[in-house]
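Contents: one structure, followed by commentary.
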Amino acid sequence: MNANLQNKHTDFYGRDFLVTKDTLIPRPETEQIIDTVLSLAGKPFLPGVKAPKPKLPPGFSLLDVGTGSGCIAITIKKELPLAKVTASDISEKALKVALENADNLKADITFIHSDLLQNTPKSYDVIVANLPYVDKTWDWLDLKALSAEPSLALFAKDHGLALIKSLIDQIADNPPKYFILEADPCQHTAIASYAKQKHLRITATRGFILTIQR
Ligand SMILES: C[S@@+](CC[C@H](N)C(=O)[O-])C[C@H]1O[C@@H](n2cnc3c(N)ncnc32)[C@H](O)[C@@H]1O
């Protein structure tokens with residue numbers, strides 16, 4: 002983790018983000034969500050490197066569920082300015098921080114206060130989510146190292162899978178073209194079998210990131 006709680010700013014995908022006691026400190030593994038979306042949008046990673054074939058239209062719609070500091074939603078909007086980006090969180094305090102980051106970085110994002118998809122429109126081309134997935138009983142967990150961050154941003158019941166499963170339940174009837182989520186690699190098999198029960202399929206895994214398709 003390269004975050005610095007003292008000055009309350011951290012780097013994410015080359016940009017500076019404000020973080021407070023009400024937000025998770027963005028982690029480097031979450032940057033893989035950005036790489037996945039850029040690849041689906043056909044954006045070349047480096048100048049001179051052949052661009053991947055786009056699988057999304059330029060003005061695709063995207064929802065970031067559990068936006069925290071706004072790092073995922075804002076980065077996608079900055080990298081892909083034509084994308085229509087919405088970001089939601091259950092924490093009003095986190096949303097205030099995300100709004101401040103969007104203002105600072107001049108990113109035009111729609112923010113919605115919502116418990117998962119309760120208050121959001123139901124149809125998006127892409128949903129991305131880095132929801133809380135830490136299981137408090139993991140024996141490798143250093144709880145002290147996480148003590149400065151909100152529990153609401155870190156922990157989930159049911160072996161860390163409660164919120165991810167609820168979100169899968171909520172998208173199952175009208176799934177987005179791509180659902181990209183972060184979870185610990187030790188949880189990927191359980192998520193894949195849950196998604197399969199809902200007639201969704203995991204089409205890629207990359208580090209901590211899973212891509213689910215309808
Ligand atoms: C792991 S943090 C991720 C923050 C940010 N997306 C990132 O990657 O750094 C999870 C976020 O989900 C939010 N959250 C927790 N439960 C939620 C729920 N039921 N609905 C929406 N957001 C929720 C938390 O407030 C927190 O901001």
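Numbered continuously in this note's numbering, the sequence shown closes out at residue 215.
Yeah, the Cβ is synthetic: ideal placement off N, Cα and C, and Gly gets one too.
Closer than 7 Å: is that where the CB of CYS72 sits relative to any heavy atom of ligand 1?
yes
Cα-Cα separation between ASP174 and SER124, rounded to whole angstroms
11 Å
What residue range is occupied by the uninterrupted alpha helix (DSSP H) comprising LYS85?
Not the alpha helix (DSSP H): LYS85 falls in the beta strand (DSSP E), residues 85–90.
So GLU30 packs on TYR14, CB below 8 Å; how close in whole Å?
Not quite, the Cβ-Cβ distance comes to about 12 Å (not below 8 Å), so this is no contact.
Taking the straight line between their C-alpha atoms, what separation do you get for GLN198 and GLY49?
42 Å
Proximity to ILE91 [Cα-Cα], best of TYR195, SER152, GLN214:
SER152
Suppose the cutoff is 7 Å on Cβ atoms and the five residues either side in sequence are ignored; what does the same chain contact list for LYS54 look like?
GLY43
What do you reckon, is the C-beta of LEU100 under 7 Å from a heavy atom of ligand 1?
no
According to DSSP, is ASP12 part of a helix, a strand, or is it coil?
strand
Within 10 angstroms of the Cβ of THR76, are there 16 or more other Cβ atoms? Answer buried if so, exposed if not.
buried
By Cβ distance, which residues of its chain are closer than 6 Å to SER89, with the 5 residues on each side in sequence left out?
VAL66, ILE113, SER115, THR121
Would you kindly check if the distance between the Cβ of LEU155 and the Cβ of PRO176 is under 8 Å?
no
Determine the contact status of LEU106 and ARG16, defining contact as a CB-CB distance below 8 Å.
yes
Let's test the definition: count the other Cβ atoms within 10 Å of the Cβ of PRO27 and tell me whether it reaches 16, buried, or not, exposed.
buried
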